[in-house]
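> The sequence shown begins at 267 in the numbering used here and counts up by one. Next up is a structure, given as structure tokens.
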Amino acid sequence: MPDTLKATKPIEIKELLRFTDRIIHTKKGAYLFQEGTTAEELYLVLSGKVQISKITADGRELALRICSANDLCGELTLFTDAPKYLLSGLVIEEGEVAAIRKDVLEKEIFQNPSLAFEFMKWMSDHFRKTQTKFRDLVLNGKRGALFSTLIRMTNSYGIEQPDGILIDLPLTNQELANFCGTSRESTNRILNELKREKVISIKKGKIFVHNLQYLKDEIGCENCPAVYCSIE
Numbered sequence: 267m268p269d270t271l272k273a274t275k276p277i278e279i280k281e282l283l284r285f286t287d288r289i290i291h292t293k294k295g296a297y298l299f300q301e302g303t304t305a306e307e308l309y310l311v312l313s314g315k316v317q318i319s320k321i322t323a324d325g326r327e328l329a330l331r332i333c334s335a336n337d338l339c340g341e342l343t344l345f346t347d348a349p350k351y352l353l354s355g356l357v358i359e360e361g362e363v364a365a366i367r368k369d370v371l372e373k374e375i376f377q378n379p380s381l382a383f384e385f386m387k388w389m390s391d392h393f394r395k396t397q398t399k400f401r402d403l404v405l406n407g408k409r410g411a412l413f414s415t416l417i418r419m420t421n422s423y424g425i426e427q428p429d430g431i432l433i434d435l436p437l438t439n440q441e442l443a444n445f446c447g448t449s450r451e452s453t454n455r456i457l458n459e460l461k462r463e464k465v466i467s468i469k470k471g472k473i474f475v476h477n478l479q480y481l482k483d484e485i486g487c488e489n490c491p492a493v494y495c496s497i498e
């Protein structure tokens, strides 16, 4: 089994790069796009990481996924009139993204059946991942939401080691809480319980999962394919 558990991307990236309008150098902490603003572009991440999130009615941030190299974001605005971004894209690791004009990509999808087919497959997978994530958040409570998030992160950023899986993504407890839809205090408490039970350990800001099966058993994990059970 390969060291990384990261799933492959279905879209033919070379096809999308042909329509690039400009290359943007992203800086950590800056927004690539923000919820509610006019949407004219989609973005293909070339390097670095972009966190996609939604601000809830009570002002809390719910992090939905992390886009890394070869991921597409801002795609929910396609084929809509007077589009506005439904989510926000925050740069959490500097890098580069390719900006693709929305109207150019829409025209090409109509004219290129192969690209249209690949894009529909990608969108189908994307929606399925979103559905399973919300299912876990709603049905499993705060503890289960955190367990589900940790499982997804092992699939996306896990590196297998002799005594477990290292999640190779530094996150603060607040950032982790944002992915679970819970408070930082609840996340701290549950993480401390897992550390006492030796299910996880934390080294230099990164989580080491020693007993992945425990997390899966606690939420009745269905062992979905990694392409659906991921944080991307």
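All C-beta atoms in this analysis are idealised placements derived from N, C-alpha and C, irrespective of residue type, glycine included. None of these values were measured; they are calculated from a predicted model.
Decide if MET386 is buried, meaning its Cβ has at least 16 other Cβ atoms within 10 Å, or exposed.
When all chains shown are included, MET386 counts as exposed.
> Residues in its own chain within less than 8 Å of ALA256 by CB, not counting five upstream and five downstream?
Only positions 267 to 498 of the chain appear in the structure, and residue 256 is not among them; the question remains open.
> For ASP287, which option in ARG409, VAL363, THR415 and GLY407 has the closest C-alpha, if you only look at C-alpha atoms?
VAL363
> Taking the alpha-carbon positions, what's the MET428 to SER380 distance?
One detail in the question is off: residue 428 reads as Pro in this sequence, not Met. Spanning the two alpha carbons is a distance of roughly 42 Å.
> Excluding the 5 residues preceding and the 5 following THR303 in the sequence, name in chain order all residues of the same chain whose CB lies nearer than 6 Å to its CB.
Cβ neighbours of THR303 beyond the five flanking positions: TYR351.
> Would you say LYS461 reaches chain C, if we count a Cβ-Cβ gap shorter than 8 Å as a contact?
Structure shown: chain C not included; a single protein chain is present.
> Under the three-state reduction of DSSP, which class applies to VAL370: helix, strand or coil?
helix
> What does the alpha-carbon distance come out to for the pair VAL357 and LEU416?
21 Å
> State whether the segment 426 to 445 contacts the segment 465 to 481, with contact taken as three or more CB pairs (one from each stretch) at a distance under 8 Å.
Yes, the segment 426 to 445 touches the segment 465 to 481.
> Taking DSSP as the reference, what is the three-state secondary structure of PRO268?
For PRO268, the pLDDT reaches just 38, beneath the cut-off of 50, and the residue's location in the model is therefore unreliable, although a value from the coordinates is still provided. Of the three classes helix, strand and coil, the one that applies to PRO268 here is coil, per DSSP.
> DSSP three-state label for GLY407, please.
DSSP places GLY407 in the helix class (H, G or I) of the three-state scheme.
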